[in-house]
Amino acid sequence: MVAVIGSKFCHRCGLPGRWRLSCRLRRKQLPIEKDTDPRTPYQLPFPKDALQEIVIPDAIPEDDRLWVPQAENVWFRPLCLNRSQGYWMNLLKVRKAGVLSRHRHPQPVHGFVLKGRWHYLEHDWVAEAGGYVYEPPGETHTLVVPEDVEEMITFFQVNGVMCYVDPYGEVLGYEDVFTKIDMCRKHFAEVGLGEDYVEHFLR
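Residue numbers for the sequence shown follow the working numbering, so the first one is 26 and each next one is one higher.
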């Protein structure tokens, strides 16, 4: 908040002098009732250096080439690979009792289950279709899909890095947004889409 040093009180809002500038700024804001037509589009240009939005109409694609293999019976579908902030958003697909190897998150993860169900060996709860999961920093877990689930699809937003570890925390490998990009380039080239296809998802 912007502050102005002073000891007097603002006679309009009763706040100490150091908040008077904030008070003046609030008074200058246009009341919403002056927007006579809320359906009128924004009329000014977007910031010159703003990036393009990403719009993916077929987020769950029928074209299997868009699913990048990650492990046995495990694939991911990239949605946003953000190089400047170091996070990625993807759909994770697991079939036939697949397992996503034991890994640790130093930063938070958000997940929304779209299809099927799964659980972590380290917890007693189950994530089912329609459910949301927040994974706090410091989590180490092993994702497992039950044998009676033909296919599981979950949207994940992953920040920073995933560190693959042994049962006692010894680091065995890692994934970050850049390894994800490399995996996509290689896969898209192999299936005939061209390695530049990954550019659709880069920001």
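Glycine included, every Cβ here is placed at the ideal spot set by N, Cα and C. Since we're looking at a predicted model, the values are computed, not measured.
Under the DSSP definition of a beta bridge, residue 96 partners with 99. DSSP, reduced to helix, strand and coil, places residue 206 within a helical segment of the structure shown. Cβ neighbours of residue 185 within its own chain (closer than 8 Å, five residues either side excluded): 111, 112, 130, 131, 132 and 201. A direct Cα-to-Cα measurement between residue 174 and residue 95 gives close to 19 Å.
Contact annotation: the segment 87-102 does not touch the segment 136-151, with fewer than three C-beta pairs closer than 8 Å. Going by DSSP, residue 118 is part of the beta strand (DSSP E) stretching over 112-120. Across the structure, residue 179 and residue 167 are spaced so that their CA atoms are roughly 15 Å apart. Beta bridge pairing from DSSP links residue 135 with 159 and 182.
In the displayed model, residue 225 falls within a helix according to three-state DSSP. In the three-state reduction of the DSSP assignment, residue 212 falls in the helix class, which pools H, G and I. Nearest neighbour of residue 165 by Cα position, chosen from 227, 196 and 222, turns out to be 196. For residue 76, the closest of 109, 154, 66 and 97 by C-alpha to C-alpha distance is 109. Secondary structure of residue 201 (DSSP, three-state): strand. At a Cβ-Cβ threshold of 7 Å, residue 205 and residue 69 do not count as neighbours.
The Cβ-Cβ distance between residue 169 and residue 223 does not fall below 7 Å. In the structure shown, residue 220 adopts helical secondary structure according to DSSP, grouped into three states.
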